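For the sequence shown, the UniProt record's numbering assigns the number 1 to the initial residue and increments by one for each residue that follows.
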Amino acid sequence: MAQLPVNHRSVYASESSTPRGELNTSEITWDGPEDPANPKNWSVCRKWIITFITVLATLNVTFASSAPSFATAAVREAFRISSEESYLLTSVFLIGYVVGPLLWGPGSEIVGRRPIFVVTMSGHTMFYLGQALAANYQTLLISRFCGGFFAVGPLVNAGGVIADIWDIETRGKATSLFSASVFLGPVLGPIAAGLHVSIVCFEFLIEAGVSWRISTGIVFFGLSETYEPVLLLQKLKARRNTDPIGTTHMYAPLETNDWSPKATIDRTVLRPFKMLAGEPILVLVTFYLSVVYGVLYCLLETIPIIFMERRHFNLSQTGLVFTGLGVGTSLGALLNHHMSRHYTALIETWRGFPPPEERLLATMIGGCLFPIAILWLGWSGQYSSVPWYVPALATIFVGIGISTIFIGFLSYLVDTYLIHSATALAANTLCRSLMAAGFPLFTVQLFHKLGIHWASTVLAGVGVLLAPSPFLFYKYGPRIRVRSKFAPYPSGPNAGSTAYNQKK
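This is the structure we're talking about:
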């Protein structure tokens, strides 16, 4: 059996004596390693059902972020606003993505994952209906912001759910599905919107109906609580109901928390900023993903310039061009899965705790492919004499690059921070959403001013500068993680005699 790291407290005992103040008290734990109440011991079928629920919820809310992007012309006509004002449809929603993680990510580590999913999906649905029924543009923007604020809940908590239920061997596959949904949703939005944009609010009503079914149906009835501290508290409460006297000396870890307003704010709103301030890995990964995510939303404005302005495609035809990004993201997920097959063997070699850096192999390819594909798209899209399918094919490789970068780095964050992964993903989502919110505001002006080719060259140049990142993480990541306050499994030359750093 794999030896646990010295800093990892085993929870496989019915009770563990722990001093608490001056009294002899006991902390409730699982009833042995095979306790069926432990999410890690749930059936594979149940785990996959929960995973697919979180993936569908994530796909749903990310779809909502980009669906109105093709409706801007109709919105301008309906509300008599300028082009610049219409770009706020996407940006305001993403600003909601910036604010929401401060509450929903750390909040799930206080009240649990399930309540956050139910509340945020329900709120997202209500404000989508508000968008559909908005009588003026101000109401529409307020509804978009509030919709984004609630919609980001599944986005920041899906990784936490995956870390709660899956062991290290299967976690990569589940994280790949989640990561794919993060950017597949924004790709599907323009495709769907392009097919029925003639009615301004039609896509809002359809999406709201889908969201309602997911939030009140699948999420409410199908998603179980997975966060271990909350489950242990529920277990203790049930035991107190049956044996109130015999459990007076017992407590759950959550009961030791300081619930004063200052401490609660410190654990919720401030914790993502503390992680960003003290975790170099999180800062660097977040910066890279923020740029890539911004480019993804930049493409929502760039592809119409290439195909509608230069090649005179109609709205539906341009929407279908986005299928290239969808195909590319799917191929990227398959590539990541293929290059992660060695991870199972590493679990034995590294005594149950292989380095998270092994998740970055496909990301190395994607990081190099991404700027090449952007150049291909830009320079072939600049000239209308180039056949339309040449830049359309480039979108497939852009999708592969984005997909492998996201899947690899999000898997890396989940494997690095585990029980704190929801907060890490909250910090990551906050920053990358802020970047994505800004890109649509200047993309059209940039591409009109510099030309499609040179504007794409600028974006590709940034991609070239960031391309070495996965290689550097692969080499130096263990040395950085050993100094982490939130990564539970240290490694590297300074990790002493921990099992994580000792191969057989």
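Where a beta carbon is used, it is the ideal one built from N, C-alpha and C, also for glycine. Being a predicted model, the structure only gives us computed values, none of them experimental.
Can you tell me the Cα-Cα spacing of Pro186 and Leu393, whole angstroms?
-> On the sequence shown, residue 186 is found 186 positions in, with the first residue counted as 1. On the sequence shown, residue 393 is found 393 positions in, with the first residue counted as 1. Distance between the alpha carbons of Pro186 and Leu393: 19 angstroms.
Spatial distance of Leu335 from Leu466 (CA atoms) | Residue mapping note: residue 335 aligns to position 335 of the sequence shown, counting from 1. Residue mapping note: residue 466 aligns to position 466 of the sequence shown, counting from 1. Cα to Cα, the separation comes out at about 20 angstroms.
Cut-off 8 angstroms between Cβ atoms - residues of its own chain near Thr58, not counting five sequence neighbours on either side | Here the question's residue 58 lines up with position 58 in the sequence shown. Only Pro154, Leu155, Ala158, Phe178, Ser181, Val182, Gly185 meet the Cβ criterion.
For the ligand SAH, any of its heavy atoms closer than 7 angstroms to the Cβ of Tyr288?
-> Judged by which ligands are present, the structure shown has none, so any question about the ligand SAH falls away.
Which value, in whole angstroms, describes the spacing of the CA atoms of Val269 and Leu102?
-> On the sequence shown, residue 269 is found 269 positions in, with the first residue counted as 1. On the sequence shown, residue 102 is found 102 positions in, with the first residue counted as 1. One C-alpha to the other measures close to 5 angstroms.
Of the choices Val98, Ile303, Ala460, whose alpha-carbon is the least far from that of Thr323?
-> For the purposes of this step, residue 323 is taken as residue 323 along the sequence shown, with counting starting at 1. Checking every option, the nearest Cα to that of Thr323 belongs to Ile303.
Same chain, Cβ closer than 6 angstroms to Val327, five either side skipped, listed in chain order = By 1-based counting over the sequence shown, the position of residue 327 is 327. Exclusion of the five residues before and after Val327 leaves Ile396 as the residues of its chain whose Cβ lies within less than 6 angstroms of its Cβ.
Proximity of Ser122 and Gln131 at Cβ, strictly below 8 angstroms = Numbered from 1 along the sequence shown, position 122 holds the residue referred to as residue 122. Numbered from 1 along the sequence shown, position 131 holds the residue referred to as residue 131. Their beta carbons are not under 8 angstroms apart, which means Ser122 does not touch Gln131 by this criterion.
Mapping DSSP to helix, strand and coil, what is residue 520?
-> Any property of residue 520 remains undetermined from this structure, which presents the chain solely from 1 to 504.
Reference Pro229, options Ile110, Val118, Gly399, Asp258, closest by Cα = As a first step, residue 229 must be located in the sequence shown, where it is residue number 229. Of Ile110, Val118, Gly399, Asp258, the smallest CA-CA separation from Pro229 is found for Ile110.
Go ahead and label Leu472 buried or exposed: buried means 16 or more other beta carbons lie within 10 angstroms of its beta carbon, across all protein chains shown.
-> Reading the sequence shown from its first residue, position 472 is the one you call residue 472. Classification for Leu472: exposed.
Proximity to Met275 [Cα-Cα], best of Thr25, Ala487, Val61 | Along the sequence shown, read from residue 1 onward, the residue named residue 275 stands at position 275. Ranking Thr25, Ala487, Val61 by Cα distance to Met275 puts Ala487 first.
Leaving out five residues before and five after Leu94 in sequence, what residues of the same chain have Cβ atoms less than 7 angstroms from its Cβ?
-> What you label residue 94 is simply residue 94 of the sequence shown in a count that begins at 1. The answer, listed in chain order, is Ser65, Gly148, Ser433, Ala436, Ala437.
Distance between beta carbons of Gly401 and Ala373, contact taken as under 8 angstroms = Taking the first residue of the sequence shown as 1, we reach residue 373 at position 373. Taking the first residue of the sequence shown as 1, we reach residue 401 at position 401. Ala373 to Gly401, Cβ: 5 angstroms. Contact.
Per-residue DSSP class, three states only, for Ala36 | For this step, residue 36 is matched to residue 36 along the sequence shown. The amino acid occupying residue 36 in the given sequence is Pro; Ala does not appear at that position. Correct three-state label for Pro36: coil.
Buried or exposed for Pro244, please, with buried defined as at least 16 other CB atoms from any protein chain shown within 10 angstroms of its CB.
-> Within the sequence shown, residue 244 is the residue found at index 244, counting from 1. It is exposed - the Cβ of Pro244 has fewer than 16 other Cβ atoms within 10 Å.
Taking the alpha-carbon positions, what's the Gly246 to Leu236 distance?
-> Position 246 of the sequence shown, counted from the first residue, corresponds to residue 246. Position 236 of the sequence shown, counted from the first residue, corresponds to residue 236. Going from the Cα of Gly246 to the Cα of Leu236 covers about 11 angstroms.
Name the residue from Val75, Glu357, Ile116, Val92 whose alpha carbon lies nearest to the alpha carbon of Leu133.
-> Position 133 of the sequence shown holds residue 133. Comparing Cα-Cα distances from Leu133 to each of Val75, Glu357, Ile116, Val92, the minimum goes to Val75.
In three-state terms, what does DSSP make of His342?
-> Position 342 of the sequence shown, counting from 1, holds the residue named residue 342. His342: coil per DSSP, three-state reduction.
Selection from Pro190, Ser469, Ile452, Ser290 that minimises the alpha carbon distance to Leu375 | Here residue 375 refers to the residue found at position 375 when the sequence shown is read from its first residue. Of the candidates Pro190, Ser469, Ile452, Ser290, the one whose C-alpha sits nearest the C-alpha of Leu375 is Ile452.
Three-state class that DSSP yields for Lys47 in the structure shown | The residue given as residue 47 occupies position 47 in the sequence shown. Three-state result, Lys47: helix.
What is the rounded straight-line gap between the Cα of Ser176 and the Cα of Gly408?
-> Here residue 176 corresponds to residue number 176 of the sequence shown, with the count starting at 1. Here residue 408 corresponds to residue number 408 of the sequence shown, with the count starting at 1. Each residue's alpha carbon lies about 8 angstroms from the other.
Does the region 161-170 come close enough to the region 334-353 that 3 or more CB-CB pairs lie under 8 angstroms?
-> The region 334-353 is in contact with the region 161-170.
Segments of 4+ residues assigned as alpha helix (DSSP H) that fall wholly inside the region 296-352 | For the region 296-352, the continuous alpha helix (DSSP H) assignments of 4+ residues that do not extend past its boundaries occur at 315-321, 323-338, 343-349, in sequence order.
Rounded to a whole number of angstroms, what is the C-alpha to C-alpha distance between Tyr383 and Thr457?
-> For the purposes of this step, residue 383 is taken as the residue at position 383 of the sequence shown. For the purposes of this step, residue 457 is taken as the residue at position 457 of the sequence shown. The straight-line gap from Cα to Cα measures roughly 15 angstroms.
Reduced DSSP secondary structure (H/G/I, E/B, other) of Glu225 | For this step, residue 225 is matched to residue 225 along the sequence shown. The answer is coil: DSSP assigns Glu225 none of H, G, I, E or B.
Go to Glu109, then tell me how far its alpha helix (DSSP H) extends in each direction, as first and last residue.
-> Here residue 109 refers to the residue found at position 109 when the sequence shown is read from its first residue. Unbroken alpha helix (DSSP H) run through Glu109: 101-111.
What is the DSSP secondary structure of Asp415, counted as helix, strand or coil?
-> The sequence position of residue 415 within the sequence shown is 415, counting from 1. Helix.
Neighbour-count burial assignment, His342, 16 or more Cβ in a 10 Å radius | As a first step, residue 342 is located in the sequence shown; it is residue number 342 there, counting from the start. Of the other Cβ atoms in all chains shown, fewer than 16 fall within 10 Å of the Cβ of His342; this residue is therefore exposed.
Taking the C-alpha atoms as reference points, what is the distance between Tyr389 and Ile405?
-> Numbered from 1 along the sequence shown, position 389 holds the residue referred to as residue 389. Numbered from 1 along the sequence shown, position 405 holds the residue referred to as residue 405. Whole-angstrom Cα-Cα distance: 25 angstroms.
Is the beta carbon of Ile50 sitting closer than 8 angstroms to the one on Leu231?
-> Taking the sequence shown and counting its residues from 1, the one referred to as residue 50 is at position 50. Taking the sequence shown and counting its residues from 1, the one referred to as residue 231 is at position 231. Their beta carbons are not under 8 angstroms apart, which means Ile50 does not touch Leu231 by this criterion.
Do Thr429 and Pro106 come within 8 angstroms of each other at the CB atom, strictly closer than that value?
-> Numbered from its first residue, the sequence shown carries residue 106 at position 106. Numbered from its first residue, the sequence shown carries residue 429 at position 429. For the 8 angstroms CB-CB criterion, Pro106 and Thr429 do not form a contact.
Taking the continuous alpha helix (DSSP H) assigned at Pro387, which residues delimit it?
-> On the sequence shown, residue 387 is found 387 positions in, with the first residue counted as 1. Unbroken run through Pro387: none, as it is neither H nor E.
Per DSSP, what kind of secondary structure is Arg80 in: helix, strand or coil?
-> Looking up residue 80 in the sequence shown gives position 80. Note: Arg80 maps to coil in three-state DSSP.
Drop a sphere of 10 angstroms on the beta-carbon of Arg46, count the other beta-carbons inside from all chains shown, and report buried for 16 or more, exposed for fewer.
-> Here residue 46 refers to the residue found at position 46 of the sequence shown. Under this definition Arg46 is an exposed residue.
Report all residues from its chain with a CB closer than 6 angstroms to the CB of Ala455; omit the five preceding and five following residues, and keep chain order.
-> Residue mapping note: residue 455 aligns to position 455 of the sequence shown, counting from 1. Around Ala455: Leu446, Phe447.
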